[in-house]
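According to UniProt numbering, the sequence shown is numbered sequentially starting from 1. Idealized CB from N, CA, C, for every residue including glycine.
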Amino acid sequence: MVHMMEKYADHLEELVNSRTQELEIEQKRTEDLLCRMLPRFVLIKRIEDLLDDDCLYYANDLKLGKMVAPETYDSVTVFFSDIVGFTTLSSESSPMEVVNFLNDLYTCFDTIIEDYDVYKVETIGDAYMVVSGLPQRNGNKHAGEIATMALDLLSSVTTFRIRHRPEKQLQMRVGIHSGSVCTGVVGLKMPRFCLFGDTVNYASRMESSGLALRIHVSPQCKTILDQLGGYYFHCRGPVTMKHNDDDDDDDDDDDDNDDDDGDGDGDDNDDDDDDDDDDDDDDDDDDDDDDDDDDDDDDDDDDDDDNDDDDDDDDDDDDDDDDDDDDDDDDDDNYVE
């Protein structure tokens, strides 16, 4: 009886160990899948990291359905790329051909960026977004990591061949910018790790205003790269880009134009005003002759004043133009080689 109990206990122990190993393997697969969607530091608490680096990593908050606290990074570099002529290419291709093309391209990109201290944030259509300097801060090395990675990606694009259009040369624009960002995990059922701040918008506009097969570098990023050394630039000259302040100005203009008649109801062609004008027409006709002479005298005086004001305005405009030219020279953007 004792022998049978011992045999049963051994069998039970082996069964528990086997099930534990299967559970660990399945948990590892789940974590690997989640880490493709979110940075590892928001998913896993690693005891060895807590002991060795004394860093506080987020516990398994997402697994428990909890919100992950946002975090601010003072200095990172953001990379954006975009395929030139993608809309035309998509219209001339079947949906399956587009999917295969993007899968081939992003598989190539994903393989390259594994060699760098960067994190792939997301892909939206033909746009590819990468950041360096988070989740682990790396001093000012983030600009060099992104710049060198961008050069490798451009080099791969020149040799990349589209499966269903092998004769077509793929072209890509790249923009990079350095600055501060705020990160956070948005959503619970389908969580996404997102970056927020003007740095992201600036980097995106650097890409959209760039040229094919060139890396458009912001002055802030260039300053860091000059400190690191080993990078050569061509000055492109002044580039006009839309800024957040421009959006606010457009909104203000729309508000002003909504109420030109001054009655506060937002209607430029007010029916009540038209009725009042009709009632006053008869009275105005009687007074027109008497007011003509007075109006002529006033016009002469106004002309003299206008001439004086025009001279002053011309001087002011010249000064403003000089200031604008100086500002444009200071805001030159660059390409990196």
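Counting only the same chain and skipping the five closest in sequence on each side, list residues whose C-beta sits under 8 Å from that of Asp254. Because the pLDDT at Asp254 is just 48, under 50, the model does not fix this residue reliably, and the value given afterwards should be weighed accordingly. Taken in chain order, the list of residues that qualify is empty.
Quick check on Arg161: buried or exposed, where buried means 16 or more other Cβ atoms within 10 Å of its Cβ? It counts as exposed.
Give me the Cβ distance between Leu134 and Tyr73, rounded to the nearest whole Å; I'm assuming they're in contact under 8 Å. 5 Å
My understanding is that Cys221 touches Thr20, with C-beta atoms under 8 Å, so please give their C-beta distance in whole angstroms. 49 Å between Cβ atoms; not a contact.
Taking 7 Å as the limit between beta carbons, can you name the residues of its chain near Val84, skipping five residues before and five after? Gln171, Met172, Arg173, Ala212
Can you tell me whether Ile124 is buried or exposed? The criterion is at least 16 other CB atoms within 10 Å of its CB, across all chains shown. Here Ile124 is exposed. Its C-beta has fewer than 16 other C-beta atoms within 10 Å.
On the premise that Gly175 lies in contact with Gly210, defined as a C-beta separation below 8 Å, what is that separation, rounded to the nearest angstrom? 5 Å
Near Gly144, what residues of its chain come up, given a Cβ to Cβ distance below 6 Å and the 5 sequence neighbours on each side ignored? Leu228
For the alpha helix (DSSP H) holding Ala127, just list the boundary residues, first then last. Looking at the DSSP string, Ala127 is not in any alpha helix (DSSP H); the run it does join, the beta strand (DSSP E), is 127-132.
Do you know whose CA, among Ile224, Ser218, Thr87, His234, lies nearest Met241's CA? Ser218
With distances taken Cα to Cα, identify the nearest neighbour of Asp126 among Val99, Asn138, Ser75. Val99
Excluding five sequence neighbours on each side, which residues of the same chain lie with their C-beta closer than 6 Å to the C-beta of Asn17? Counting only Cβ-Cβ distances below 6 Å, and skipping sequence neighbours, we find nothing.
Using the C-alpha atoms, what's the distance from Cys182 back to Leu89? 35 Å
Beta-ladder partner(s) of Thr72, from DSSP: Cys182
Counting Cβ pairs, one atom from each stretch, are 3 or more of them under 8 Å apart for the stretch 150-158 and the stretch 187-200? no
Met149, buried or exposed, once every other Cβ within 10 Å from all chains shown has been counted against 16: Met149 should be labelled buried.
Whose C-alpha, out of His11, Tyr119, Gly187, is nearest the C-alpha of Phe79? Comparing Cα-Cα distances from Phe79 to each of His11, Tyr119, Gly187, the minimum goes to Tyr119.
Does the beta-carbon of Glu114 have 16 or more other beta-carbons within 10 angstroms, so that it is buried, or is it exposed? exposed
Can you grab the Cα-Cα spacing for the pair Lys189 / Asn103, in whole Å? The straight-line gap from Cα to Cα measures roughly 25 Å.
Can you have a look at His216 and say buried or exposed, based on whether 16 or more other CB atoms are within 10 angstroms of its CB? buried
Please check the pair Asn140 and Ser132, which I expect to be a contact at CB under 8 Å, by giving their CB distance rounded to whole angstroms. Contact check for Asn140 and Ser132: beta-carbon distance about 10 Å, past the 8 Å limit, so the pair fails to qualify.
Can you check which of these residues, Ile112, Met1, Arg165, is closest to residue 338 by C-alpha distance? Missing from the structure shown is residue 338; the chain here goes from 1 to 337 and no further.
Whole beta strand (DSSP E) runs in the UniProt domain "Guanylate cyclase" (77-207) with 3 or more residues, listed along the chain? Fully enclosed beta strand (DSSP E) runs of 3 or longer: 119-124, 127-132, 165-169, 172-186, 192-196.
Extent of the continuous alpha helix (DSSP H) to which Lys222 belongs: 219-228
By DSSP's criteria, Ile215 is part of a beta bridge. Which residues make up the other side? Val174
Would you mind reading off the limits of the beta strand (DSSP E) that contains Gly210? No beta strand (DSSP E) holds Gly210; DSSP gives it neither H nor E.
Rounded separation between Asp52 and Phe193 - CA only: Low per-residue confidence applies at Asp52: pLDDT is 39, beneath 50, and the placement is therefore not dependable, though the value from the model is reported in the following sentence. For Asp52 and Phe193, the distance between alpha carbons rounds to 26 Å.
State the Cα-Cα distance for the pair residue 343 and His142, rounded to the nearest angstrom. The structure shown does not extend to residue 343, since the chain spans only 1 to 337, so no value can be given for it.
Are there 16 or more other CB atoms within 10 angstroms of the CB of Ala147, so buried, or fewer, so exposed? buried
Which whole-angstrom value describes the C-beta separation of Phe101 and Arg29, a residue pair presumed to lie in contact below a C-beta threshold of 8 Å? Not quite, the Cβ-Cβ distance comes to about 29 Å (not below 8 Å), so this is no contact.
Under 8 Å by Cβ, that's how I've got Phe109 and Leu153 pegged, so tell me the actual separation to the nearest angstrom. 6 Å
Report the three-state DSSP secondary structure of Asp323 (helix, strand or coil). Low per-residue confidence applies at Asp323: pLDDT is 44, beneath 50, and the placement is therefore not dependable enough to give any value.
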